[in-house]
Amino acid sequence: MSEIIDMGNIIYSYIPVAIILVVALLMPPLTMFLVKALSPRSKSAAKYQTYEAGSVPTGDARIQFNVEYYLYAIAFVLFDIEVLFLYPWATIFKGHGITQLATVEMLVFIFVVLFGYVYLLKKEALKWMK
Amino acid sequence: MIPVELYIGLAVIIFTIGLYGFMTQRSGIRMLMSVELMLNSANLNLVAFSSYNADLTGQVFALYSIALAACEAAIGFAILMAIFRMKDTINLDSFNVLRW
Amino acid sequence: MELPEILFNPLVRGILGLCLMGAIFLGAMAAVWFERKLSADIQQRYGPMRVGPHGVFQLVADAIKLFTKEDIIPKNADRLLFVAAPILLMGSVFLMLVAIPFGAVVINGDTYPIAATEMDISILYIEAMSSISIVGIFMVAYSANNKYSLLGAFRNFARMIGYEVPLGICVVSVAIMAGSLNIVQIAEAQSPLWFVVLQPLGFIVFVIALLADMGRLPFDQNESEEELIAGWITEYTGMRFGLGFFAEYIHLILGSMLIVLLFLGGWNLPEFLTSNLILGIILPTAFFLGKVVLVMLGIIALRWAVPRFRIDQVVDLSWKRLLPLSLLNLGWVIALGLLGV
Amino acid sequence: MILSLIVLIPLIFAALTLLTKTKEQARGMALVATVAVLILTLYMYFNFDSTIATNQFEEMYQWVPSLGITYHLGVDGIAMPLILLNAIVLPFLILYTWNDDRKAPNKFYALILATEGAAIGVFAALDFFLFYIFWELTLIPLFFMVSIWGGPNKHHASIKFFIYTHVASLVMLLGIFGLYFAAWDATGVPNLDIPYLLSQFQFIESGLMKDLIFLALLFGFIVKLPVVPFHSWQPDAYTEAPTAGSVLFVMLKIGGYGIFKIMLPLLPFTASPDLMITILAALGAVSIIYGAFVALSQRDLKRMIVYSSVSHMGYVTLGAAGLVSLSVSGAMFQQFSHGLIMSVMFMASGVINAATGTRIINDLGGLAQKMPKLAVIMVLTFMASLGLPGLTGFVAEVSVLSGTFVNLPVYVMIALLAIVITAAYHLWALQRAMFGVFNEKLGTIVDINSYQTLSMGLIAMLILYFGLNPSPVLDMMLTNSENIISLMAAMGV
Amino acid sequence: MMDLMLLAPELTLAVTGLAVLLIGLFLPVGSKKILGFIASIGVLAALALTVTSLGTEAMMFNDTLSIDALSQFFKIVFLVVALLFTIASIKYMEGNKNAEEFFSLGLFATIGMMFVASANDLMVLFVAFELASLATYALAGFEKTNQKSLEASMKYFMIGSLSAALLLFGISFIYGMTGTTNIPAIAENAAGLVTNPIGIVAVILLIAGFGFKIALVPFHMWAPDTYQGSPSVVSSLLAAGSKKMGIVAAFKVFIVALIALQVEWQTVFAILAVVTMTYGNVVAVTQTSVKRMLAYSSLAQAGYISMAFVVLTPLALSGGILYALSHGFMKAGAFIATAAVVYMVLSENKDTEDPDHLDNFRGLGRRMPITALSMTIFVFALAGIPLTAGFTSKFVLFSSTIQAGFVWLAVIAILNSALSLYYYAKIVKYMYFLPTDADKVSEPLPYTIALVIAVIGVLAIGFWPEPFSYWAMEAAKVLIPGGI
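Protein chains in written order, with the working numbering: chain A, 705 to 834; chain B, 3 to 102; chain C, 888 to 1228; chain D, 2 to 494; chain E, 126 to 609.
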C-alpha cells in the first residue's frame, strides 16, 4: 500500500452501490403499490387471522429465545470476529515480503482459536439441546 | 471530500445517543446495546481520523476495538443469562441487594 | 484498443448494475423454470407443460397471478416490520450483486470484468451483504407473529451462525492463495490452476456452507414445507411472497457464481482462445455462465437427492465437522504458501 | 551497642512473652527483661558523663540512604533520666502486678514490655524516622492495654486516646516533613537526622514556614504531654486503663521530652520567639490552674490523681517557657519526679480499688486502720505531689517557679494560686480516704501484699532520696539546660 | 531483532493459563486441586523472571511495548497480587467443577494488567486493559447462583464497559488530533491537542474512563458493590490488581502522553483526590460489612495515590508507585483474610446471610489466630502505622506533597489517614476484644500461606524500604525523566 488509502477511488467504487441501493429500496414498495392497484379487495375477519394449521390461534407467538441460542450466538460472534483478524493478514501473505514473525504469530493466534474451540467442545457448549 | 468535522459530529451524536440510552435504560440488553453504540461511534472516529491522517493505525485500532466489543458483548450476555436464570428478568433495578 | 473512458464512469457502471439486475431477474425466472423441470425429470414427471413450449412461460403466468392476488397483512402482525422486511431481503441480494462480476471480456489480452463496481474488499462486502438477508428473514417471521414463522426464523438463525464461520475461513483460505480480497483478482489468480484442485477440502466445506447460507436443501429447515408450512414466510401472500421467493432464487444464482469465481476458475481461458476480439468478448463470459448454470443445476439436483437434516444435525455438522475441517484447510493453505505454491 | 540492647531487649522479650502459656512464665519473662534493662541502664548511667551536653553512647547505621534515613541512637542529659525512670519503675511495676489474676497475662506483660521498649526507643532515637516509628509504636500497646483490660468505658476511652494522639502525631509528622524538606531543598541531600535537622532549622528563609513547622511539632508534643486544652483524652484513658496501664502512661514522658529536646533548640530561630514563649507559658499556667481546680471537684480518687497530673504537666511547659537554666532543668526534673510520684499514686489507687471495690472518695474512709502500710506510702507520695520540701515534687516546683519568675512573673503568679488548691485537694482526699471513721460498708479489707509493699515502698524511697539529693539526675539536666540557654543567649533571645 | 525473553513472564503466564484450562477439562472434579498449584507455580515463575529482568530496558514490537523500570515494577505488583490470589484460591476453589476457568481467568487478567504496565501505545494499552477487565468481569460473577456475586459482576460489567467506551472515544480524539497512538509520540505532537478544544474533551473522557477503573469519586459507585459482592479472593484481585492497572494506565496516558495538557487535568485530579479520599474514609466508618469497608478504604487509598498526579515530582510519583506495591500487599492480604473468615463462616453454616459481617470477626483472635494477626497487620498498615508498608509509602507520598508545596493537600490526606484509623481499629476491636463463645477453628493452609506472604511483604517494605523505594524512584524517572 504505497499511497496509504485512496479515498477517491473508494468513494467512486461505491457510487454504483448507492444507485443500486436506491433502486433496491424502491422496488419492493413500488411492486406492492402495483399489487394494490391490481388486486381485488374483500374484507373477512378470518382472512386476517394468523395461520395456525386451520385452528383458532392461541397465545402469542413471540416467545422468548431458548437460552441455547444465545450460547450459539456468543460463540458465533467470537469466532466470526476471530476470522476478521485473518483477513488483513491473508491479503498480504503472498508476495508482500511478510515476515516470518507475522506468520508465526498468526499460527499462534489460530492455535489459540483452536484452543478455545476445543474448550467449547469439551464443555459441551456446542451441544444442541442438552 | 467530506470534511472530517462531519464524521466527528456524527460520532458525537451516536455517542450521545448511546450515553443517553445507557443512562435511561434499565434493561440489561438495552444498556449493552447502548454501550456498543458508544464503542462504534469511537470506531467511526478512528476510521475517519485514520483516513484524514493518512495513517493506518486508526483502522487497525478499529478492528481491535470491534473484536473487544464482541468479547464484551459475550461476557455481558453470559452475565445477563445467569441473571435471567436466577431472577427471570433482566431489569437491573431488580438487583439491589448490595446497599449500605 | 482501449475501452472508452466513459465506460469507467461510476454512473455508467451504476446503469450497468441496473442492467445486471434485470438480467438476474430473468435468470431467476429461468432458475425457477429449471428447478421445476429438473425436479419433475428426477421424479419422472413432466412438470409445467401448458404455458408455452415446455411451460417456459409458466413463470410469466405465475407473476401475473401474484400481482393480482390480494395483499393480506394479519391483524396481529407488526405492520411496519411486515412491510419493511421485503426491502431488506431484496436489498441484500441486489447489493450483493453489485460487486459480483457476471463474466469478463478480453480485449487485446486485457481482461475487463463485467461488474457494476470493483472494490478492493469485494469478497468481504459480498459476505456482509449476504448476511443482511438473515435480518430480513427474522423481521418477516417476527412481524408475522406466527408460531411456524418464528420457529423457522429461529432455525434460520441457528443455521446461519453455524455456517458463517466455516464460510469465512474458507474465504480466508482463498484470499491467502489469491493474495487479495478482490473477487476479480481472486478469479484471475486461478488462471492456470483452479483453486478446487489446490484445496479440494476447502471447496467441499465452502459449498456445503454456502448451501446452508442460501437455505437450499438439505438445509432448508427454515422453510420445511412439510412441518412448518414454509416456515418464516408462512404469513406472506401474493407478491409479498413472490418477492421473498425471488430473493431466494437470486441468492441461488449469486451463490453459484461465487462458487465458480472462488474455486472453479471464473472466466479464465487459455490465451489462444481469447486472442481473437470477438472470441475474447464472448468466450470468457460464456464459459463462466456455463459453469454457473452447471453448478446451479447441480445444486437443484441435490435437492432431490438428499433428505433434509434435522436442525440439531445441521448445527452439529457445522460446529463439529465443518469448522475443524475449514481450519484444517486453512492450515493446508498456509503450509502450501510457506512451501511457495 | 548498649543503647540498642536497652531498646531491643524489651521488644524481643515482648514477642517471647506473647508465646508463653501461663501467668508464671509471662511475669517471670517480663521481670527478667525489665531487670536486664535496669542493669544495663544503670551501667550506662554510671558511665554517663553528666558534665557535657552532647549525645553519648551514639550508634549510627545507614538504613534507607535514598531518603536519608539512618538508624541513629544516642542519649544526652535530657533523655538519660527518662530512660532511667523507665528502667527503674518497670521492674517494680511487674512486681506490683505479681499476684494479680487477669485474663491473658501473656499479652498483658508483652504489652508492658513493648511500651517500655518503644518509650526508651523514643528517648534514644536520634533520627526523626526512628523517632516517629517509636512514637507511634507507643500508641498501639497502650491502646490495647486500655481496650482489653480497661474499665467499663474502655472502648470509648481507648478510641479517644488513639484518635487524639494519632492526629497529634500526624501533625507532628507534617512538621518533621517541613523540616526535612527545607533542609533537603537547601542542601540537596535528604537527611532525617535529628541534630542535623535541628541545626538546619535556622537556615529556613520563610518565617511563616518556620512558625508552621514549630507549631506543628509543638502540637504533637503538647497533646501527648498533655496540656489544657488538648488534654481531654487523658482523664478517660488514664482512668479507664488498668493500674499498670496508667503507670505506663505516666512513664511515657515523650511529650515533655520532645519539648526539651526538639522545641527548645528551635525556639530562638522561629520568626516570633516571643509569641511561642507566650504560648508555652500560657498553656503551662492554664494547665496548672485548670488541673488543680478540676482535681478539686473530682469524686473519683483516680480521676483526681489524673487531673493533678495535668496540673503537674503544666509546670513542665511553664518551666520550659521560663528559659533560664534553673527553670528548664526544674521542668525536666518535674518530669522525672512526676513519673515516680504518679506511679506510686496510681498503684495506690489501684490497690484501694482492688481492696474496696470503689474509688469514690466519699465511699472510702478510715482505710489507714485496715491498711497501715499503704497509708504510710500514700501519705509520703501525696506530700511529694503537693510539693512538701524534702521530696522530689518540691525540688521541681521550686526550681520551675523561681526560675520562671525572672522572665515571666505574671504566669508564675497565676501558677502560685494553684499551689493552695493543690494542697487542698491532696489533703482533703487523703483525709477522707485514709483517715477518719472506717466505712463499715466496705467489709473486710486486707493490707497490701508484700510484692506491692516492696514495689511501692521502694519507689517511695526513691522519691525521698531524690528529694533530698537531686543532683544525680539534676546535674545532667542542668548541663543540658545551660547548653540550651547559652545557645539562646547567643541568639539574643 | 528483539529478544522474546523479555516477554518471558507474560508468555509463562499465558502458557500456564492455557495449560490450566486444558488440563482442567480432562480432570475429574476431585483432582482439580492441582490446577491451583500449577497456576501458583506459573505465577511464581513469572515473578522470578520479572525480578531477574529488573533493570533491563528495551522496546518491542515497533515500539508498542516498552520494558523499563516502571513496567517491571508494576508487573511485580500485579504478579504479587496474582500469586496471593492463586494461592488463596486453591482453598476457595476446592471441589468446584469450574476451577480451571477460575484460575485461567485470573491468569489472563494478570497478563492483561502486565501488558498495560508495559504498553507504550494506546492501542496495546486499550486492548490489554480490556483483556484484564473482561477476565475480571467473569471472575466477579463466578458464583453463578449467588445473587450478590451476580449483581456485583453485573454492576462492574456495566460500568466497566461504559468506561471502556469513554476511554476509546477519548483515545480516538487524541489519535485524531496527534495522528499517532504511540504514547511518547503523542507527547511530541501534542501541539494540536493544546490548541483544540477537542483536547479538553478528550482529557475529560479519559479522566472519566480511568476514573471508573480506579474508582475515583464520583465514578466509584460500582466499586463498593462489586468488592462486597464478588468472591473475596476476586475482590483482592480487583482492589489490589485491577485498580493498580487503572493507575499505571493513567500514569502513562496523562503524565507521559498528555503532559502538555497538564494544567487542565492536574486541577481535576486534585479535586478528585481530595473528594475520593474524604468520601471513602467517611463512608467506610459506617460500614458493617468488612468487604464493603475495605472497598471504601480502597477508594480512599486510590485518592491518596491520585495525589501523585497533582504533585508530579519524581519523589511523589515514586511515592505513588510504592504505594501501589504496598497497597497490593495490604489490600490483597486484607481481602484474603476476609476470604478465610468467610470460608470459615460458610463452612459452619452454609446459608449465612452476610458472611463478611463484622460480627463474624468477633473473637477471631482466638478462633483463627494467624488470620487475625495478619488482618491486624494489614489494617494497621492501611492506616499507616510505622514499620509497615503503608507507613513507608505514605511517608514518601505525603512528604513529597509537602515538598512540592501542596501543604493543604497533605494536611487533608493526613487528617484522612487519621480518620481511617478509626474504622480499621474497629476491625481489630472486633477481632480481639469482643467476646464470642464460638470455638477455635483450624485455619485453611492455602489462605494462611497467602496471608503469610502478604505479611512478609508488608513488613519487608516497612522495615527495609531501601530497595523498594529505589526501584519506585527508577520507575518514576521513566515517567518524568528530568522532573518537572
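Idealized CB from N, CA, C, for every residue including glycine.
Cα-Cα separation, residue i to residue j
i        : j        : result
L729(A)  : S1009(C) : 21 Å
I609(E)  : G587(E)  : Low confidence applies to I609(E): its pLDDT is 46, below 50, so where it sits in the model is not reliable, and the reading given next is rough at best. Roughly 29 Å separates the two Cα atoms.
V8(D)    : F135(D)  : 10 Å
A322(D)  : T55(D)   : 22 Å
T392(E)  : F144(D)  : 39 Å
E137(D)  : A169(D)  : 10 Å
I396(E)  : I329(E)  : 14 Å
S542(E)  : A508(E)  : 6 Å
I84(D)   : V342(E)  : 48 Å
L1104(C) : A133(E)  : 52 Å
G904(C)  : N896(C)  : 12 Å
I95(D)   : A242(D)  : 16 Å
I581(E)  : V399(D)  : 53 Å
G152(D)  : F227(E)  : 49 Å
A293(E)  : L41(B)   : It should be noted that the sequence gives Leu, not Ala, for residue 293(E). Their backbone Cα atoms lie some 7 Å apart in a straight line.
Close Cβ partners of residue i (< 8 Å) along its chain, the five nearest in sequence each way excluded
i       : result
V90(D)  : V248, M252, G340, L341, S344, I460
M705(A) : Low confidence applies to M705(A): its pLDDT is 35, below 50, so where it sits in the model is not reliable enough to give any reading.
L544(E) : N406, V407, V410
Distance CB(residue i)-CB(residue j) smaller than 7 Å
i        : j        : result
M240(D)  : K303(D)  : Residue identity check: residue 240(D) is Thr in the sequence provided, not Met. It is a contact, given that the beta carbons lie within the stated cut-off.
R900(C)  : T1004(C) : yes
A31(D)   : T18(D)   : yes
T318(D)  : G285(D)  : yes
S717(A)  : M983(C)  : no
L160(E)  : G149(E)  : yes
A1040(C) : W1119(C) : yes
G1089(C) : N1216(C) : yes
A1099(C) : F1093(C) : no
Continuous beta strand (DSSP E) stretch holding residue i: start and end
i        : result
F1(D)    : Not covered by the structure: residue 1(D). The range shown for chain D is 2 to 494.
H73(D)   : 70 to 76
V993(C)  : 991 to 994
T998(C)  : 997 to 1000
L1080(C) : No beta strand (DSSP E) contains L1080(C), which DSSP labels as neither H nor E.
L190(E)  : 190 to 192
Residue i - containing alpha helix (DSSP H), residue span
i       : result
I586(E) : 570 to 588
M25(B)  : 6 to 26
Residue i CB to nearest heavy atom of the ligand HEM below 6 Å
i       : result
Q412(E) : For the ligand HEM, the structure offers nothing, since it holds no ligand at all.
6 Å CB neighbourhood of residue i in its chain, flanking five on each side removed
i       : result
K747(A) : none
Beta-carbon contacts of residue i that lie in its chain and below 7 Å, excluding the five residues immediately before and after
i       : result
I495(E) : E568, T573, L576
Interface residues of the segment 582 to 606 of chain E facing chain D [CB-CB below 7 Å]:
Considering only beta carbons, the part of the segment 582 to 606 of chain E lying closer than 7 Å to chain D consists of P590, E591, S594, Y595, M598, in chain order.
Output needed in chain order: residues of the segment 163 to 187 of chain D with a Cβ under 8 Å from some Cβ in chain E.
Residues of the segment 163 to 187 of chain D with a C-beta less than 8 Å from any C-beta of chain E: F163, I164, H167, V168, L171, V172, L174, L175, F178, G179, Y181, F182, W185, D186, listed in chain order.
Residues of the segment 333 to 356 of chain D with a CB closer than 8 Å to any CB of chain E: list them in chain order, please.
Correct list: empty, as no residue qualifies.
At a CB distance below 8 Å, what residues from the segment 55 to 80 of chain B approach chain E? Give them in sequence order.
Taking 8 Å as the Cβ-Cβ cut-off against chain E, the residues of the segment 55 to 80 of chain B that qualify are N55, D57, T59, G60, V62, F63, Y66, S67, L70, C73, E74, I77, G78, A80.
According to a CB-to-CB cut-off of less than 8 Å, which residues of the segment 812 to 833 of chain A neighbour chain E?
Only V816, F819, V822, Y823, K826, K827 from the segment 812 to 833 of chain A bring a Cβ to less than 8 Å from some Cβ of chain E.
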